[in-house]
Amino acid sequence: MQEPTAGNLYADLSGYYDGFCHEVDYAEQGDFLRRAFDCLAESTGKDYLDLACGTGQLLQQMHQHGFAVAGLDNSPQMLEATARRCPSAALMLCDLASFDGPGRFDLISCFLYSIHYSHPVAALTETVNRAFQALKPGGVFLFDLVDKNGINNRDAVTRLERDHARFTFRSGWRYDGCSESMVLQVAIRREDANGVQDWEDRHRMTAITIAQVNELMRDAGFVITLLERDFARLREWEGDSFNVIMAGRKP
Ligand SMILES: C[S@@+](CC[C@H](N)C(=O)[O-])C[C@H]1O[C@@H](n2cnc3c(N)ncnc32)[C@H](O)[C@@H]1O
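Adding 227 to a residue's 1-based position in the sequence shown gives its number in my numbering.
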């Protein structure tokens, strides 16, 4: 059997990204974000920034909800896809830990666990501080995260038929149980009449606990609400699951 080819999901393989995420319900995420904003924010504007915006699927939803949208990502290929999907979006090509824009936004998000790309913990701290600076007073920052103690080292698998080919997408975190790094392993298999192609990719991400992130958000100045990671319902975290949505309001 042939070895998988190394590829980068956010560069040479970016054309497969939307297929990879075909089971993510961005309309539901957009509804959730709008409701969370209505409940938690005290600023009245509609300036919105999505950190690690990928191909702009959430930006498109928030644009439809009447927000003026901006997206940040460090991949030119992902931003090109965003520009095609959401031409009105203002785009920033930069790292999560190095964006500027003091007091510009009412709402900032970072979903699909992308906050963990701020690696190591010092970079994640910088990202949180920059989000605080970038918000207007009363604005909110929302992101989802997984507690490192809840990493089960198992893969999620989805399948899709498209363009006369069958795709199998796999992803899963690997955590050694002690460091501040974990690895996201990603694999794509494409099968068609001509044969099988396999790619794989590995991303280093920050392994951290919910309590640690809570503390660094508080240190940055945020007033925090913890929510269940359930985009269908807006409800407070009950403390049992290892996945949360953290919402921080700038006083
Ligand atoms: C899992 S995707 C999520 C995209 C989007 N939020 C979504 O829900 O579809 C992660 C995104 O983060 C971007 N990314 C990874 N590391 C980054 C970093 N250090 N700074 C900025 N963007 C980063 C990737 O290019 C990719 O578009």
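Even for Gly, the Cβ is constructed at its ideal location relative to N, Cα and C.
Query, Result
"Report back the beta-carbon spacing between K363 and S270 to the nearest angstrom; my notes put them in contact at under 8 Å.", "5 Å"
"Got a sec? Which residues, its chain only, sit under 8 Å from E463 by beta carbon, not counting five neighbours each side?", "T452, L453, L454 and E455"
"Candidates Y243, S406, R445 and D457: which alpha carbon is nearest I435's?", "S406"
"Please state whether DSSP places I337 in a helix, a strand or coil.", "Note that residue 337 corresponds to Cys in the displayed sequence, not to Ile. Three-state result, C337: strand."
"In whole angstroms, what is the alpha-carbon distance linking A414 and N421?", "20 Å"
"Whose CA, out of R416, T433, K477 and S341, lies closest to the CA of D446?", "K477"
"Hey, quick one: how far does the alpha helix (DSSP H) through E307 stretch, first residue to last?", "P303 to R312"
"Out of A349, A295 and R417, point me to the one whose CA is closest to D333's CA.", "A295"
"Looking at C-alpha atoms only, which residue of R397, L278 and H430 is the closest neighbour of L411?", "H430"
"Roughly how many whole angstroms lie between the Cα atoms of V251 and P329?", "31 Å"
"Decide if T282 is buried, meaning its Cβ has at least 16 other Cβ atoms within 10 Å, or exposed.", "buried"
"Assuming R431 is part of the beta strand (DSSP E), what are its boundary residues?", "G422 to T433"
"Which residues in the same chain have their Cβ closer than 8 Å to the Cβ of N441, if we skip the five residues on either side of it in sequence?", "I451, L453 and M473"
"Helix, strand or coil for F396 per DSSP?", "strand"
"Note down the Cα distance separating L318 from A361, rounded to an integer number of angstroms.", "15 Å"
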